[in-house]
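Residue numbers (the working numbering): 13 to 295.
Just so it is clear, CB atoms sit at the ideal spot from N, CA and C, and this is done for glycine as well.
Worksheet for the structure shown next.
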Ligand code: NAD
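Encoded structure:
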C-alpha cells in the first residue's frame with residue numbers, strides 16, 4: 013500500500029455543489045488537503061470564489077469558484093465546460109447543495125385537540141411552493157448534477173460520487189416533512205445509482221451528517237436573541253449519546269475514505285457521522 017493512504021487522490025479533480033456553504037467549504041478543504049483540485053460550484057458566485065481562494069491558500073492546490081444552479085441543466089453544463097477547461101476532467105463529484113426552509117416547516121410538532129383549528133401551524137398550513145422547493149433542491153439538486161457532471165467518469169472508466177444525506181433519511185424529524193422525505197430519497201437514490209454505475213467502476217456512496225449548527229438549522233436549534241439552545245436543540249443533544257453537536261471537520265474522515273481507493277469495493281452505503289444519534293433509541 014502507498015505510504016500515504018490517500019495518495020491516489022493527488023492530482024484528481026473534484027466538483028462540489030453547494031461548495032460555498034458551511035459543510036461544503038469544510039469538505040473542500042479536507043479533500044484539497046489530499047492534493048485534489050477543487051471546483052467549488054455554488055449559486056452564489058461571490059461566495060464560491062471566496063471559498064476557492066480560502067481552499068487554495070490553505071492547501072496550495074488549484075481551486076476555482078464556479079457559478080452553478082443545481083436545478084438548471086444548462087447552468088450545470090456551462091459549469092462543467094468551465095471546470096474541464098480550467099482543471100481537467102472531473103474524477104469526483106460531491107452533491108452537497110441542499111437544505112431546509114422555514115416555508116416547509118410546521119410550527120407544531122403534533123396536531124392535537126388544542127391546535128387542530130390553527131391550521132397555519134400544522135401540516136394543513138404547509139406552503140406547497142415551499143414544500144416543492146425544498147424537495148426539489150435536495151433530490152433533483154442531486155439528480156441533475158449527477159447527470160451532467162459524471163460523464164467524464166464514464167470516459168475515464170473510474171469515479172466516485174458522494175451524496176449528502178441526513179439523520180432525517182433514517183427516521184423523519186418532526187416539523188420538516190419535505191426535507192425528511194427528500195433526504196430519505198437521497199439514500200434510495202444512492203443505492204440505485206450505485207447499482208446503475210457499478211459496471212463502469214463508478215462508486216456512489218453517501219454521508220449522513222448528524223447535527224451541526226449551520227445557517228439552515230440555526231433558527232430551529234438556537235434562540236435568535238440569546239443564542240441559547242431551543243427545546244429542540246436540547247432534545248437533539250440529549251438524543252446524541254456523545255452529547256454535542258458535530259463540527260463540520262468531523263465529516264472529513266468519512267469523506268476521504270469514501271472518495272479514495274481505500275474504499276474501492278464499497279458502493280451504495282450511507283455512513284452516519286452523528287455521535288451515535290441514529291443508533292440511540294433514547295432509552
Ligand atoms: P449551507 O446553507 O451552509 O450551504 C448550502 C450551500 O448550497 C450554500 O452555499 C448555497 O448558496 C448553495 N445552494 C443553495 N441552493 C443552490 C442551488 N440551487 N444551486 C447551487 N447551490 C445552491 O448548508 P450546509 O449546512 O453546509 O449543508 C450542506 C449539505 O449538508 C446540505 O445538503 C444539507 O442538507 C446537508 N446537511 C446539513 C446538516 C446540518 O446540520 N447543517 C445535517 C445533515 C445534512
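Under a Cβ-count criterion, where at least 16 other Cβ atoms within 10 Å of its own Cβ denotes burial, should residue i be classed as buried or exposed?
| i | result |
| --- | --- |
| residue 19 | exposed |
| residue 35 | buried |
| residue 70 | exposed |
| residue 72 | exposed |
| residue 162 | buried |
| residue 224 | buried |
| residue 103 | buried |
| residue 297 | Residue 297 cannot be examined here, being either before or after the span of the chain that is shown, 13 to 295. |
| residue 235 | exposed |
| residue 183 | exposed |
| residue 282 | buried |
| residue 179 | buried |
| residue 276 | exposed |
| residue 140 | exposed |
| residue 289 | buried |
| residue 131 | exposed |
| residue 133 | exposed |
| residue 10 | Any question about residue 10 goes unanswered here, given that the chain covers just 13 to 295. |
| residue 194 | buried |
| residue 258 | buried |
| residue 116 | buried |
| residue 160 | buried |
| residue 271 | buried |
| residue 125 | exposed |
Can you check DSSP and say which residues form a bridge with residue i?
| i | result |
| --- | --- |
| residue 26 | 50, 104 |
| residue 224 | 258 |
| residue 215 | 172 |
| residue 82 | DSSP output for residue 82 lists no bridge partner at all. |
| residue 75 | 50 |
| residue 234 | 241 |
| residue 284 | 220 |
Could you confirm whether any beta carbon from chain C is found closer than 9 Å to the beta carbon of residue i?
| i | result |
| --- | --- |
| residue 249 | Absence of chain C from the displayed structure is noted, only one protein chain being present. |
Count the C-beta pairs between the stretch 110-120 and the stretch 178-196 that are closer than 8 Å, then say yes if the count reaches three, no if not.
-> yes
Decide if the stretch 210-228 is in contact with the stretch 267-278; the criterion is three or more beta carbon pairs, one per stretch, under 8 Å apart.
-> yes
Length-filtered (4 minimum) alpha helix (DSSP H) runs lying within the stretch 177-210 = 189-209
Hey, is the stretch 60-67 in contact with the stretch 75-92, meaning 3+ C-beta pairs nearer than 8 Å?
-> yes
Output the residue ranges of the alpha helix (DSSP H) runs that lie fully inside the stretch 89-154 and measure 4 residues or longer, sorted by chain position.
-> 140-147
Decide if the stretch 81-89 is in contact with the stretch 146-155; the criterion is three or more beta carbon pairs, one per stretch, under 8 Å apart.
-> yes
Answer yes if the stretch 194-214 comes into contact with the stretch 26-44, meaning at least three C-beta pairs across the two stretches below 8 Å, and no otherwise.
-> no
Cβ contact check for the stretch 35-53 and the stretch 119-134: 3 or more pairs under 8 Å | no
Does the count of Cβ pairs from the stretch 249-264 and the stretch 38-46 closer than 8 Å reach three?
-> yes
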